[in-house]
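Sequential numbering from 1 applies to the sequence shown in UniProt numbering. A virtual CB, placed ideally from N, CA and C, is assigned to each residue, including glycine.
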Amino acid sequence: MATSSQKPQSVHEFTVKVASTQDAKGNDVDLSIYKGKVLLIVNVASQCGLTNSNYKELSQLYEKYKDQGLEILAFPCNQFGGQEPGNNEQIVEFACTRFKAEFPIFDKVDVNGENAAPIYKFLKSSKGGFFGDGIKWNFSKFLADQDGNVIGRYAPTTSPLSIEGHESLRCFMTELPTLRGPQFVLSS
């Protein structure tokens, strides 16, 4: 990660902790391992009114595009109505059992305030929101290109499946012919 005197330029400059049930030791994950991949970064919660539709569609999106270079990075957060009260083990169990989530789920983080995770401080400063930079609710989504540049920000109510048709992703994917296979067709 960049030193305190250097401003991070890319998502790839951050290190985060993986949820302990996916890695028995809760090891650090250097996000540079995702270089060359499109990243959809989402703050998730298990007891939100948006949980069912978002987890279901995130799982569908991941299944559809994981072999073409998409990674979904889920960060549980309990800052919005206490809707992610579980520990890492409970969160991973919920997502993997109920929604068959295969994408990485990281340690629970704060996304706002002085204790916000550094990755979220970077995401918010890279793509501000319509009513300010703060994350407004569970399932806010950020899209990063293969170089770790944040190219899109989506509201909690934005359907994950609708992102595949958004101009930012469509334009980006046309610039990456190596990530498009014969079955990689973006719908409008």
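Below 8 Å, how does it come out for the region 100 to 109 and the region 77 to 92: are there three or more Cβ pairs, yes or no?
yes
Along the alpha helix (DSSP H) that carries Thr51, what are the first and last residues, could you check?
51 to 65
Limits of the beta strand (DSSP E) - the one that Leu143 falls within:
141 to 144
Check this for me: beta carbons of Cys77 and Val29, under 9 Å apart or not?
no
Is the separation between the beta-carbon of Glu84 and that of Ser46 shorter than 9 Å?
yes
Proximity to Ala74 [Cα-Cα], best of Asp147, Gly152, Val150, Phe142
Phe142
Ala101 by DSSP, collapsed to three states: which one?
coil
Thinking C-alpha only, which one of Ile119, Ile163, Leu50, Thr157 is nearest Gln9?
Ile119
Which partner residues does Ala74 have in the DSSP bridge list?
Val42, Ile105
Which one of Phe94, Ser140, Leu31 has the shortest CA to CA distance from Val11?
Leu31
Check for me: the alpha helix (DSSP H) holding Ile163 runs from which residue to which?
160 to 163
Three-state secondary structure assigned by DSSP to Lys135
Strictly speaking, residue 135 in this sequence is Ile, with Lys absent from that position. In this structure, Ile135 counts as coil in the three-state DSSP scheme.
Between which residues of its own chain and Tyr34 is the CB-CB distance below 7 Å, once the five residues before and five after are set aside?
His12, Glu71
Of the residues Ser140, Cys48, Lys124, Thr158, the one placed nearest Val150, counting alpha carbons only
Lys124
Would you mind stating whether Leu61 and Asn138 have Cβ atoms separated by less than 9 Å?
no
What residue range does the beta strand (DSSP E) around Lys124 cover?
Element bounds for Lys124: not the beta strand (DSSP E) but the alpha helix (DSSP H), 118 to 126.
Give a yes or no on whether the C-beta atoms belonging to Val44 and Tyr55 are separated by under 9 Å.
yes
Which word fits Glu114, buried or exposed, when buried means at least 16 other C-beta atoms lie within 10 angstroms of its C-beta?
exposed
Bridge partner(s) assigned by DSSP for Val29
Val16
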